[in-house]
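Here the protein sequences come in this chain order: A and B.
Letter by letter, the first sequence follows residues 2 to 730 in my numbering.
Letter by letter, the second sequence follows residues 48 to 346 in my numbering.
For glycine and all other residues, C-beta sits at the position ideal for the given N, C-alpha and C.
Every value quoted in this text rests on a predicted model; they were computed, and no experiment measured them.
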Amino acid sequence: MFLHPLFLWAIGAATVPLVLHLLRKRRTVTVPFSTLRFLKLALKSSSRRVRMENLLLWLLRTLLMLAIALAFATPIVRTSGFGKFLGRTGRDIAIVWDVSYSLGYQAGRQSVWDKSVDTVAAIVESLGHGDTVTIFLADNDMTPLIGSPTPDLTAALAQVRAEELSTRGSQLLPATLAALQALQNPRNPEREVHIVTDGQALPWRDYIQLRAGAAGAWQPDRIDKRVAFFVTVLGAPAPENTTPVGLTLSPALVMENTPARVSVDIRRYGPDLESGISLTINDESVDRRALALAADASGSVSFNIPPLPEGIHTARVGTPDDALGADNDLHFLIHVKRRLPVLCVGAEPDTYFLMQALDPGGATGSSVDATRLDVGSVASAELRRYAVVFLCNALPMPGDALLEIEDYVRGGGLLAIFPGDAGRPADYESWKILPAVPSDIVEVPIDSRRRTITAVNPDDPVLASLHVRPGSTPIVTIRRRLLWDRIPDKSETVLSAGSRTPLLLAKSVGLGRVLMFSVSADRRWSNLPLSPYFLPFAHQIVRSSAGLGGTTPYVTVTESLSLDESIPLMSANARLLDPSARPVPTRDVRHDNQVTRVAENILQPGIYYADEAGVVKPALAANLDRTEADVTRMGQDDMRAAIAVRNVRFAEDTGALLKLIEEHRIGRSLVEPLLWLALILAVAELFVANARCRAKPGLSDQLKVDPSGKVRGHAAPAAASRTPAGAST
Amino acid sequence: MPDGLRHFLNPQEMHSLGRLVLNSRYAVDGNLAGAHRSPHRGSSSEFADHRQYIQGDDPKHIDWKVYGRTDRYFIRRYEDETNLRVYLVVDRSASMKYTSREETKYRYACRLAAAIGYVVIKARDSVGLCLYSDKIDTQMDSANSLAHLDNVMKTLQVSEPASTTETARTLHQLAESIRKRALVVVLSDLLDDEERIVRALAHFRKQHHDVVVFHTLDPAELDFTYEKNTVFEDLETQERLTCDPKEIAPAYAEVFGEFLARYQKACREMQIDYRIIRTDQPLDTTVRAYLEERRRCSK
């Protein structure tokens, strides 16, 4: 169709070159000439070339006139989504709106997020009466902003304008699937899916990964061909970002007034850069280090943590301000302990040596605060308060006590079991958390009682800082011990007495760990409690508990967080406050007869506090998901290949998107290509015509005849090779 | 209106041409003593060669210096010097009537013949005429008087270009009629079969004549500067041809260039002095330049 068909009359101008050519041929003058002999020869040799040139020129000029006339007529090519009536078909659109925190990237004066709000608003505003819209927010999961198609565009626009940037990562695929689902029952003839994103490569990989195989979540071949896809890529053309992605405290358990170190991993996206990394503890700057980061690579920097008093200290590692400021800080907590609470369960004689080893200098001289409880009191004890629970000849135990201890271990506690005469092998069978179930208790023959203690796994946290004095061999005399017929694969032998007799087994259970000795904690089974290694070994067991669950320095922002796992020492009466000091809603979740306290929407990065009767203490450090910090862009061709939908169009800004929509709905104007064609034809015509008219040197100039008539040049290159013409006049 | 020589040359031109000389490049036969070399040995002061003394020779010609070196008698021989006879061969075929300006090729050829003739007569040499078209129309023997030259010019003046061309046949006839060695000056557009004309020129060379060809051409014939769509009419045959000059100009330049090149090559091989004369060139400049160059070459 043509927008200005009146100009089609101008197509008649295409005949102008032909008419001019014919008119020119008719006007002739008669001139006498000395001889026609050479004219005939010239005419014969040049007629074919001249005809070709004339034809070419006529063709070029005719096409040029046609192109100009058609351009004036403004031809429009209708595209696939064109409806029955020009621009009046109803539309159902579903918007997939990337709200990941990477859209906070400052691209010029405006952030990408602001641009995306404008774009989504423009899409909604482009809808007319009867059109419907659904909007799905794409972060780590799909969140419906407008879950079902609504024709109420005013309300939709208000919701769009009120939406805030998320602090989470991005996954476009779930939202895209939801958008397609929403368009399954169309109300209008035209259906469109709009994806508004920042061009980050990360969320597009899901389309590729989940497309593999017939059972993949993304099946582009099954998408209705009538659904048009529009992708608006708003991000900066070459984004760059520097962010701390993780840290490691060393030692994991920081004791009061003891120096420590923190090693921070820094990730760079973009060209190489020298960056200044800072460490802040309790809102006071502690140290600042320069770090040279290679392009698109990681680096590491270490800071010394000065001696700190007992308590929970807030800290953060920061990178300099950049275009994406949300991920510049990595918050964490430093738990500094003065004395670690340890519980020894068992009768006094059974726990005597262990209690002495844990607290050799009395109640205040040791870093361990050891408490002894009888077996019957275990069920009522608050086990989560203790770093380690030692069981010394404590089996058999009541069932509720076993369940309490099992919960304690699964929640991140460390349980160390010393057998004793009270327990028989059958008493161990029902307890699934044990590293191995003993098959018997055996007496060790006299001649093989002396055993050398060997570390099977020297890297185990239990043995991490234990060093045997040079020249000495740790030897223990074992009179009785547990016998294990089979040690499961999930368990490991940490220490052995002799070459093949396990002395200490270990097994990870949930977030915690279970250690099981083959000898008792008193001197009836062995002289281990009397050996010089027992005391440091017992202390190391206590220290190793610090690396278990519940002591992680930070968590990643999430919509749901188990407080029992993340903040095990937090009282049930305490309120959790977010970094803005607003209460965080919590709820109890029952699962398998267990009640877990869960905090909702830990989405704000920073330090969360526990408010217990007016006493506010740091409880949790939450950080953004660093995966989203990868701002590396994906090209449009790669995006097109990733989404693998045929009917997809890409725009770089709102204006281009609206133009694409217009083209899709009304058609695409061919004026621009026609004008380009006209320009090319005009240049070609100019070139050909100019080549014809170009002044070639006359024969006089070629011959270079001097005043005396002498010929000094050459008439024509081919002159000598031609045979003489025989015609005479 | 003046006739004869003055019809073609004004006093100023005659004055400037009066001091020039046309030298023959080869020995020529004359009937008067003159400034040109003769094939005969004579009494000039120009030494030619030695010859063995035979009885009857004049002893005064014995070269005593050679006798002193060889004890043998040798006679010194000298070049004979004679006058130059120049034949002006003028084409008056219809094609010579062509002009793209004011002056036809025929008139320019006549003016050129007048200038050459005047130079020859002023050097006390003799000049003759052969006017031809498809046959020899007029042939005048050579003489060395201005009156004779004036008659020659009157003959040219009264003749008009007409008829077709038979240059080759005419030149053959002329070559047969000139017995003694002479300088033959051909003034023609040579629009005839090149091979035959070249053979005719070779005929002159065979008779030991010195030949000069003034290939007289209009500038439009060389450069073909026509613009509009044109009907060309052949001046000799009245045949007509319609064409676009701009379209065929490159091809015309090529074929006409080949035509000229063939003459140029043939004349070079026969040691004939071949000159292309454009009718838009000032006559006195052309003649002066030509004679100057010829004088330099003959030294």
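Let me check one thing: in DSSP terms, what residues is residue i bridge-paired to?
i               : result
V515 of chain A : A:L416 and A:K508
I122 of chain B : B:R98 and B:I109
K41 of chain A  : Answer is none; K41 of chain A lacks a bridge partner.
A336 of chain B : DSSP lists no partner for A336 of chain B.
Q23 of chain B  : Lying outside 48 to 346, the shown extent of chain B, residue 23 of chain B is not represented and no answer is given.
I278 of chain A : A:R290
V477 of chain A : A:R452
V233 of chain B : B:V136 and B:V260
Tell me whether residue i is buried or exposed, calling it buried when 16 or more other Cβ atoms sit within 10 Å of its Cβ.
i               : result
M143 of chain A : buried
N283 of chain A : exposed
D490 of chain A : exposed
D138 of chain B : buried
S567 of chain A : buried
I136 of chain A : buried
G65 of chain B  : exposed
E430 of chain A : exposed
Y114 of chain B : exposed
So the alpha helix (DSSP H) residue i belongs to, where does it begin and stop?
i               : result
Y353 of chain A : E349 to L359
V167 of chain B : K152 to K169
D428 of chain A : P426 to E430
K705 of chain A : It is not in any alpha helix (DSSP H) - K705 of chain A carries neither H nor E in the DSSP assignment.
I244 of chain B : E241 to K253
F688 of chain A : V672 to C694
W98 of chain A  : That residue, W98 of chain A, is in no alpha helix (DSSP H); its beta strand (DSSP E) goes R92 to D99.
H540 of chain A : F535 to S545
V457 of chain A : No alpha helix (DSSP H) holds V457 of chain A; DSSP gives it neither H nor E.
What span of residues does the beta strand (DSSP E) with residue i cover, start to end?
i               : result
K201 of chain B : Counting along the chain, K201 of chain B falls outside any beta strand (DSSP E), though it belongs to the alpha helix (DSSP H) covering L193 to V205.
Q595 of chain A : Q595 to I603
V343 of chain A : L341 to V346
T150 of chain A : Looking at the sequence provided, one finds Pro at residue 150 of chain A rather than Thr. Per DSSP, P150 of chain A belongs to the beta strand (DSSP E) from M143 to T151.
I618 of chain A : The sequence as given places Lys at residue 618 of chain A; Ile does not occur at that position. Residues V616 to N624.
S805 of chain A : Nothing about residue 805 of chain A can be read from this structure; chain A reaches only from 2 to 730.
So, does the CB of residue i fall closer than 8 Å to a CB anywhere in chain A?
i               : result
G304 of chain B : yes
Y153 of chain B : no
T332 of chain B : yes
A160 of chain B : no
Q311 of chain B : yes
V278 of chain B : yes
A247 of chain B : no
A80 of chain B  : With a pLDDT of only 46 at A80 of chain B, under 50, the local geometry of the prediction cannot be trusted, and no value is derived from it.
S142 of chain B : yes
Any beta carbon of chain B sitting closer than 8 Å to that of residue i?
i               : result
F651 of chain A : no
T36 of chain A  : yes
R28 of chain A  : yes
L71 of chain A  : no
A690 of chain A : no
A237 of chain A : no
S127 of chain A : no
P18 of chain A  : no
V684 of chain A : no
F83 of chain A  : Low confidence applies here, because F83 of chain A scores a pLDDT of 47, under 50, leaving its location unreliable and the question unanswered by this model.
L659 of chain A : no
F86 of chain A  : Only weak support exists for where F86 of chain A lies, its pLDDT of 44 falling under 50; the value from the coordinates is given anyway. Not one chain B Cβ lies under 8 Å of F86 of chain A.
K41 of chain A  : yes
Using 8 Å as the threshold, is the segment 253 to 268 of chain A in touch with the segment 297 to 310 of chain A, meaning 3 or more CB pairs across them? Segment contact: the segment 253 to 268 of chain A against the segment 297 to 310 of chain A, three or more CB-CB distances shorter than 8 Å; contact assigned.
Taking 8 Å as the threshold, find out whether the segment 695 to 710 of chain A comes into contact with the segment 157 to 169 of chain A through three or more Cβ pairs. Fewer than three pairs of CB atoms, one per stretch, sit closer than 8 Å, so the segment 695 to 710 of chain A makes no contact with the segment 157 to 169 of chain A.
Taking 8 Å as the threshold, find out whether the segment 343 to 353 of chain A comes into contact with the segment 370 to 389 of chain A through three or more Cβ pairs. Remark: three or more beta-carbon pairs, one from each stretch, lie closer than 8 Å, so the segment 343 to 353 of chain A and the segment 370 to 389 of chain A are flagged as touching.
Touching or not, the segment 286 to 302 of chain B and the segment 230 to 243 of chain B, by the rule of three or more beta carbon pairs under 8 Å? Using a Cβ-Cβ distance cut-off of 8 Å, the segment 286 to 302 of chain B and the segment 230 to 243 of chain B are not in contact, since fewer than three pairs of beta carbons, one from each stretch, lie closer than that value.
Three or more C-beta pairs under 8 Å: does that hold for the segment 600 to 612 of chain A against the segment 222 to 242 of chain A? Pairwise C-beta distances place the segment 600 to 612 of chain A out of contact with the segment 222 to 242 of chain A, as fewer than three of them are shorter than 8 Å.
Assess, as a yes-or-no matter, whether the segment 277 to 290 of chain B is touched by the segment 306 to 318 of chain B under the definition of 3 or more beta carbon pairs within less than 8 Å. Result no; under three Cβ-Cβ pairs closer than 8 Å.
contact_flag[the segment 187 to 206 of chain A, the segment 88 to 102 of chain A] where n(CB pairs < 8 Å) is 3 or more: Flag = yes, the segment 187 to 206 of chain A and the segment 88 to 102 of chain A touch.
Would you be able to state if there are at least three C-beta pairs under 8 Å between the segment 446 to 461 of chain A and the segment 499 to 506 of chain A? Result yes; three or more Cβ-Cβ pairs closer than 8 Å.
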